[in-house]
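Working notes, structure below.
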Amino acid sequence: MNPFISITLLTTLILSTTIVTISSHWLFAWIGLEMNMMAIIPIMMKKPNPRATEASAKYFLTQTTASSLLMLAIIINLMHSSQWTIMKLFDPTASILMTMALAIKLGLSPFHFWVPEVTQGIPLSTGLILLTWQKLAPISILYQISPSINLHLMITMSFLSILIGGWGGLNQTQLRKIMAYSSIAHMGWMTTILLYNPTLTLLNLLIYIVMTFTMFMLLIQNSTTTTLLLSQTWNTVPIMTTFTMLTLLSMGGLPPLTGFMPKWMIIQELTKNKTLILPTLMAITALLNLYFYMRLTYSTALTLFPSTNNMKMKWQFYPTKQMTLLPTAIVLSTMLLPLTPAFFILL
Amino acid sequence: MLKFIIPTIMLMPLTWLSKSNFIWINTTTHSLLISFTSLLLLNQFNDNSLNYSLMFFSDPLSAPLLMLTMWLLPLMLMASQSHLLKEPLARKKLYITMLVMLQVLLIMTFTAMELIMFYIMFEATLIPTLIIITRWGNQTERLNAGLYFLFYTLMGSLPLLVALTYLQNTVGSLNFLLLQYWAQPLSTSWSNTFMWLACMMAFLVKMPLYGLHLWLPKAHVEAPIAGSMVLAAVLLKLGGYGMLRITSILNPLTEHMAYPFLVLSLWGMIMTSSICLRQTDLKSLIAYSSISHMALIIAAVLIQTPWSYMGATALMIAHGLTSSMLFCLANSNYERIHSRTMILARGLQIFFPLMATWWLLACLTNLALPPTINLIGELLVIMSTFSWSNLTIILMGVNIVITALYSLYMLIMTQRGKHTHHINNLTPTFTREHALMALHIIPLLLLSLNPKIILGPLY
């Protein structure tokens, strides 16, 4: 893509999320979300193939629906409270509509259907932006309206997300779809705790972004998009197998890796509010996620996956992909657990 | 406690920076030296514990287990030398790093003062063990074994996390020393029942209890020798240690809740011993014998009498050393004939007489011959279960007979009788193997001279 266009689009992307997070007027938040969608559609079409076209079209349709619902919720809120300030909503209808609109934007169940297909159709780096940066804006709005969100709706959607994220990923071999289902499940964990302690939503989002960033960077390095290709990383960069394994186990939530921290904190907050069945079921359902991460770990690091003999003798090219911040990200996504108390001061 | 943790962590740079002909010597020697420092823990007060810091403490219950863990690392390193011989240097160092990491996590588990720290370290021991089983195991079934191992343990322990956070919120602190005094008696209600289940299931799966034991034969059989040793000797005892710690706060609900698990463990003890008589796979036999011994420990912990706690603690140490030794012996067979089938190498006494001595001693301690500590443990458990219910004496008696049967069956099948024709070209035994067996059996025999150090806090 022409570098000028690329810079314009990326700047618009960053600007749009910034607008959403810092605005105090509902119209500007909505404008920010629209700019966000507009900016990422050309980025998704970086490599024009029918898959990317389909992915962009699906993304466009779902996101515009969500934005329209959001606008409707804003107007209903205006009708009942006669002001446009972003704070808790004053009408249950507005609250439910806005929650559903933001759920469509995030990819929470039962509005999760677009996430795997869109993630599959776009290149890996765009997928990274989709699953990490695009979550910031809706979560910031959810954080601000969190006192007025309907508890039953939120818990239903988030628990359903955790279930779907677990079960949906089980039959996948395409890594982008696996990351999409992992994103759905993590969004479920994040939104569960939104009504009890929104700080933990931000903590979970931060840790999730670091882990997903690490995972995508590891995938981008070898342009691996399938399990089969991932199983051949031992041939090109053997140490990446170890890092892939550690990052995947961290995403599965195994102590003593970082990924355990948000789950532990969320379980702690939920038990403080005396909801004991929900965190138990959530924790057990997260094991489904761990199962397909384990399958990836097995094929990557712990076994020599069956492949043809030609595949075992790959050309050793000089690395051309830019690995921004990969060592930092790997360390952050595996060794951050002892620093748990520090996050509460930061957030 | 840092005097154990930091040297053990430093074993990792030692491994990576050693020359290729020195890695085994360096790591074995240094881990042996570290294990000698653990003898400092023998200075225990019987009515109190040694508190090293806000995070670590040592107790007459955890001190013998810690000594066992630290004693086992040099033994594991000695046992692994042969099967790693052909591997590239980096992979040897990686294997040793896994073992050392596991050791660090186990030390921190056994000395953890806060129950959440115990939980995190308990779960953290799963990762190096999983890597050892699936990466360095020998058959294709190791993948399934790793999955069973990981998921059985995690399914049991995630409710434990929820229960521990709930306890933290109600009692105020999960510091073990405070918890003993602050815990409220639990009444028999549905929510308390579920909390009891949530607390105990993690340890019952780890022990394992008879109905939840499917992971153990798979994991033990498919793991390489060091993996089998550490699994049988230490990781199962994590479950026992956890149960002993957590039952102190679950009174008096345990009296009501323990019935189904007592029945399962008593019945499972006999079932798994009987299955041992029908095994063709040597490691599988030892794995099922582990389940049988651990079922005794579960029964002992659940009836909560002073003698049963002493028996459970003694049995844990005794079984740790015995089954680790049995796995080493089975491995010495495996390395020669590359098969775990028992009948393929029979009559070994003629070819390897000294090894036959170790086989004899291991089988005798496995069947709890007096005056070994195995007997002390089993006897205390049998007497205390008799006091709980007179009928258990029948089950215990049957179990002792069947244990004797399969231990002698294993001995006679591998050592005595006519040798098979194809084994006349087996490599003679190495001094390393004899040293390994001796280092297993000597602590076991010496402990029978002074068993009070392993009888736990209630002695």
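So the protein lines, in turn, are chains A and B. Residues in the first sequence are numbered consecutively from 1, following the UniProt record's numbering. Residues in the second sequence are numbered consecutively from 1, following the UniProt record's numbering. Each residue gets a CB set at the ideal place from its N, CA and C atoms; glycine is no exception. Only a predicted model underlies this, so the values are computations on that prediction, with no experimental measurement involved.
Of the residues the options, the one placed nearest residue i, counting alpha carbons only
| i | options | result |
| --- | --- | --- |
| T85(A) | V20(A), Y59(A), E117(A) | V20(A) |
| G377(B) | A312(B), S82(B), P7(B) | A312(B) |
| P327(A) | L339(A), T242(A), T320(A), T297(A) | T242(A) |
| L204(B) | K237(B), A223(B), S191(B) | K237(B) |
| M207(B) | P60(B), A233(B), T188(B) | A233(B) |
| K218(B) | W136(B), F151(B), S284(B) | S284(B) |
| L14(B) | H30(B), I5(B), M1(B), F4(B) | H30(B) |
| I343(B) | I317(B), N43(B), G456(B), I423(B) | I423(B) |
| L102(B) | Q304(B), G211(B), M121(B) | M121(B) |
| L336(A) | M190(A), L254(A), G169(A), L302(A) | L254(A) |
| T69(B) | L449(B), T188(B), F352(B), A318(B) | A318(B) |
| I75(A) | T65(A), S24(A), A94(A) | A94(A) |
| L124(A) | I277(A), S109(A), L218(A), S68(A) | L218(A) |
| Y59(A) | M37(A), H80(A), L72(A) | M37(A) |
| P159(B) | I149(A), T285(A), M240(A) | T285(A) |
| W388(B) | W307(B), Y288(B), L17(B), P64(B) | W307(B) |
| M261(A) | N204(A), T233(A), Y293(A) | N204(A) |
| L33(A) | T65(A), M44(A), A52(A) | T65(A) |
| S67(A) | Y318(A), L97(A), T126(A) | L97(A) |
| A345(B) | L164(B), S292(B), L85(B), N333(B) | N333(B) |
Rounded Cβ spacing between residue i and residue j (contact assumed at less than 8 Å)
| i | j | result |
| --- | --- | --- |
| A435(B) | M117(B) | Between M117(B) and A435(B) the Cβ distance is about 36 Å, and since that is not below 8 Å, they are no contact. |
| P74(B) | L32(B) | 4 Å |
| W133(A) | L70(A) | Going by Cβ atoms, the distance from W133(A) to L70(A) rounds to 19 Å, so no, they are not a contact pair. |
| M55(B) | M10(B) | Not quite, the Cβ-Cβ distance comes to about 19 Å (not below 8 Å), so this is no contact. |
| T99(A) | M154(A) | 6 Å |
| I184(A) | G107(A) | 6 Å |
| S62(B) | F4(B) | The Cβ separation is near 12 Å, so there is no contact. |
| A329(A) | V210(A) | 6 Å |
| I270(B) | N399(B) | 6 Å |
Segment limits, alpha helix (DSSP H) that includes residue i
| i | result |
| --- | --- |
| P147(A) | No alpha helix (DSSP H) contains P147(A), which DSSP labels as neither H nor E. |
| L94(B) | 89–110 |
| H440(B) | 431–447 |
| I209(A) | 198–222 |
| E141(B) | Premise fails: E141(B) is in no alpha helix (DSSP H) and is neither H nor E. |
| M240(A) | 238–252 |
| S158(A) | 151–168 |
| A94(A) | 92–106 |
| G240(B) | 236–246 |
| T365(B) | 353–366 |
| N21(B) | N21(B) -> no alpha helix (DSSP H), and no H or E assigned at all. |
| R416(B) | Per DSSP, R416(B) belongs to no alpha helix (DSSP H) and is neither H nor E. |
| Y459(B) | No alpha helix (DSSP H) contains Y459(B), which DSSP labels as neither H nor E. |
| P341(A) | 340–346 |
| R295(A) | 277–297 |
| residue 470(B) | Nothing about residue 470(B) can be read from this structure; chain B reaches only from 1 to 459. |
| N192(B) | 190–206 |
| A226(B) | 225–230 |
| L379(B) | 373–388 |
Partners in chain A for residue i, counting only beta-carbon separations shorter than 9 Å
| i | result |
| --- | --- |
| F151(B) | L287, L290, Y291, M294 |
| N169(B) | Q268, T271, K272, K274 |
| M201(B) | Under the 9 Å cutoff, chain A gives no residues; its nearest Cβ is about 11 Å from M201(B). |
| P159(B) | T280, A283, I284 |
| I6(B) | Within chain A, no residue comes near I6(B); the closest Cβ sits about 15 Å away, beyond 9 Å. |
Identified DSSP bridge partners for residue i
| i | result |
| --- | --- |
| S58(B) | L50(B) |
| D281(B) | T341(B) |
| Q174(A) | T226(A) |
| E114(B) | N175(B) |
| T85(A) | H25(A) |
Contacts that residue i makes with chain B (C-beta to C-beta distance below 9 Å)
| i | result |
| --- | --- |
| Y298(A) | T134, L143, G146, L147 |
| P256(A) | L105, I120, M121, E123, A124, I127 |
| T18(A) | What T18(A) touches in chain B: nothing, since even the nearest Cβ is about 37 Å away. |
| T340(A) | Simply none; closest approach about 10 Å. |
| R228(A) | The question names Arg, yet the displayed sequence has Leu at residue 228(A). Result: empty, since nearest Cβ-Cβ is about 17 Å, beyond 9 Å. |
Contacts that residue i makes with chain A (C-beta to C-beta distance below 8 Å)
| i | result |
| --- | --- |
| M229(B) | By Cβ distance, chain A contributes nothing, its closest Cβ being about 20 Å from M229(B), past 8 Å. |
| M155(B) | I284, L287 |
| I249(B) | The contacting residues do not exist; I249(B) stays about 17 Å from chain A at best. |
Contact list for residue i against chain A, beta-carbon separation under 7 Å
| i | result |
| --- | --- |
| Y166(B) | T271, L276 |
| I402(B) | Those within 7 Å of I402(B) in chain A number zero; the least Cβ separation is about 36 Å. |
Cross-chain neighbours of residue i in chain B, by beta carbon under 7 Å
| i | result |
| --- | --- |
| P279(A) | V162 |
| L249(A) | I127 |
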